[in-house]
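Worksheet: one structure, shown below.
Chains as they are written, first to last, in my numbering: chain A, -6 to 119; chain B, 156 to 594.
Here it is as structure tokens:
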């Protein structure tokens, strides 16, 4: 099972990010969340969701989903996206991977809390 | 305060450069709860020094639905009385996590400065490089110089620097609910911006109960009357302005929400790109995020096309001027040409109308949205509206969302705050605070 995101439904409210942070810290905090709303291109209204998994990063962009293997160098231009990194995105690789909220009675909390049902639990591993 | 709080009140004297911290003690919270209850109290304490007070509610930044709100309380350049403006988008949440629950800014800086609040640290920084810049350039400069695109900025533009009573404190690049001329107050203090970034952590007194109830509430809200609706276009419909919905729809790119707010109250208009574009556009500034439905409606009433209205709102945000006031001038003058309107921004002055909205921003539409709340008085900016806004500003709930979610009752907010903090606040205390902040 893994988390799937429909970025076009996402309204960027960050409820998923805070719910994940609560799962990690038993408090309200964002620093340890493995699901993060990508919102650095604010003037372009270009936002989506990034999920850190065990061996990959799932990047849910408005135009579609991309799964990048962690540690595998990306070929220039392979995704058609711009290559400059946002400084604020760098700590993502340092975070714990998604464990589907293991041990939580709610199941994956990001799925439960998303107000627009943009996040779902689907069959399949990474 | 151990819970839902950073336990700190920051006092910044721009004149002397002195920065001190006070504890947020339980006694103050027990009497004033939080949000506007405490910003009003701090304003009174320091009112001889012309303070600008920033604050958050106890629920701000939590998992409670709609918990997006921060507040600016200060003397209005328009009315001469203390008034309150909402800090939405991600600014209220970011303020909460900077490590300061409340920030009191006193005095006038000798030279232009901005205040940088992050991770429990407050710095007064030189702003001479961005003094004179428009809001967009100033926000870009601050984010670039700090190396973090997620910094939330409360910024003023040339309107504030020239002393306009219509000057607005903008959030990042966008207009805000500041219809009180707080931009002028920033300008008079030589304060170009307050930059916010927080990596803090809020402890919860009864975490499992608190979060259980948040999830229950989300489930209930997902079945609420506004579900399936989105953006400013559907707010227009709820206001009975169906023509405005049709007017704006061809430009709508995406709708987005303020922090943890289940309804997307913000709508991005693409003005120089195809609104159907899904990939990241090459154009660096393709449009404008409308956060102020009443202002957009004002430009429609002035006879502008939707595209021209979006362009003028963008120009207002860059100049740092309240677009609702500009729309009122356009209605009066009959001016419809966006270039002429943009050119006139620097010369606009004179009184603009202020509805009977108490001390709260009339940026939030004056009636319930998508629900009648079983309220007997739903007249424009009536008693129901004032009480509802007071409650939202006390607890830290998005003021527009508060007017569309009857599920968020006063009783429930008190219960959640008590679960979150371990305090025993009750309806009598809340009634007293509401009475005080509405008087």
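Every residue gets a Cβ at the ideal spot worked out from N, C-alpha and C, and that includes glycine.
- Contact fails between the region 528 to 547 of chain B and the region 398 to 416 of chain B, because fewer than three Cβ pairs, one in each stretch, are under 8 Å apart.
- For residue 462 (chain B), the three-state secondary structure derived from DSSP is helix.
- Among the residues of the region 89 to 109 of chain A, those with a Cβ less than 7 Å away from any Cβ of chain B are 99, 105, 106, 108, in the order of the chain.
- Chain order gives the chain B residues near residue 34 (chain A) as 435, where near means a beta carbon separation below 7 Å.
- Under a 10 Å Cβ-count criterion, residue 249 (chain B) is classified as buried, with 16 or more other Cβ atoms of the shown protein chains found around its own Cβ.
- Shortest Cα-Cα distance from residue 116 (chain A) to any of A:98, A:16, A:93, A:61 involves A:93.
- Neighbours of residue 31 (chain A) across chain B, judged by C-beta separation under 9 Å, do not exist; the nearest C-beta is about 10 Å away.
- Spanning the alpha carbons of residue 402 (chain B) and residue 461 (chain B) requires a straight line of approximately 6 Å.
- Pairwise C-beta distances place the region 211 to 224 of chain B out of contact with the region 521 to 534 of chain B, as fewer than three of them are shorter than 8 Å.
- Buried is the label assigned to residue 466 (chain B), since at least 16 other Cβ atoms lie within 10 Å of its Cβ.
- Three or more Cβ pairs drawn from the region 311 to 322 of chain B and the region 333 to 353 of chain B lie within less than 8 Å of each other, which places the two stretches in contact.
- Listed along the chain, the chain B residues whose CB falls inside 7 Å of the CB of residue 24 (chain A) are 354.
- Closest option to residue 581 (chain B), judged by alpha-carbon separation, among B:457, B:594, B:536, B:567: B:567.
- In the structure shown, residue 453 (chain B) falls within a helical segment according to DSSP collapsed to helix, strand and coil.
- For the options B:304, B:369, B:440, B:560, the alpha carbon positioned closest to that of residue 352 (chain B) is the one of B:304.
- Taking 8 Å as the Cβ-Cβ cut-off, the region 326 to 359 of chain B approaches chain A at 327, 328, 354, 355, 356, 357, 358, 359, given in chain order.
- Residues are counted here when their Cβ sits less than 8 Å from a Cβ of chain B; for the region -6 to 14 of chain A these are 1, 4, 5, 6, 7, 8, 11, 12, given in chain order.
- For residue 498 (chain B), there is no enclosing beta strand (DSSP E); the residue is found in the alpha helix (DSSP H) stretching over 493 to 499.
- Comparing alpha carbon positions, the residue from A:44, A:35, A:53 closest to residue 444 (chain B) is A:35.
- Using a C-beta cut-off of 8 Å, the region 469 to 477 of chain B makes contact with the region 323 to 338 of chain B, since at least three inter-stretch Cβ pairs fall below that distance.
- Taken through DSSP and simplified to helix, strand or coil, residue 296 (chain B) comes out as helix.
- Nearest to residue 88 (chain A) by alpha-carbon distance, out of A:39, A:17, A:-4, is A:17.
- Counting only Cβ-Cβ distances below 7 Å, residue 56 (chain A) has contacts in chain B at 433, 434, in chain order.
- Using a Cβ-Cβ cut-off of 8 Å, residue 111 (chain A) does not count as an interface residue toward chain B, since no Cβ of chain B sits closer than that to its own.
- Using a CB distance cut-off of 8 Å, residue 61 (chain A) does not count as an interface residue toward chain B.
- At a beta-carbon threshold of 9 Å, none of the residues of chain B lie near residue 53 (chain A); the nearest stands roughly 12 Å away.
- Of the candidates B:265, B:327, B:268, B:327 places its Cα closest to the Cα of residue 292 (chain B).
- Here residue 500 (chain B) is buried: its Cβ has 16 or more other Cβ atoms, across all protein chains shown, within 10 Å.
- For residue 584 (chain B), there is no enclosing beta strand (DSSP E); the residue is part of the alpha helix (DSSP H) that begins and ends at 582 to 593.
- Excluding its 5 nearest sequence neighbours in each direction, residue 283 (chain B) has C-beta neighbours in its own chain below 8 Å: 266, 267, listed in chain order.
- Think of a sphere of 8 Å around the beta carbon of residue 439 (chain B): the chain A residues whose beta carbon falls inside it are 36, 37, in chain order.
- Contact note: residue 416 (chain B) reaches chain A through 4, 6, 8, 108, using a C-beta cutoff of 9 Å and chain order.
- When secondary structure is reduced to three states using DSSP, residue 53 (chain A) falls in the strand class.
- If you draw a straight line from the Cα of residue 533 (chain B) to the Cα of residue 561 (chain B), it is about 14 Å long.
- C-alpha of residue 350 (chain B) to C-alpha of residue 84 (chain A): approximately 21 Å in a straight line.
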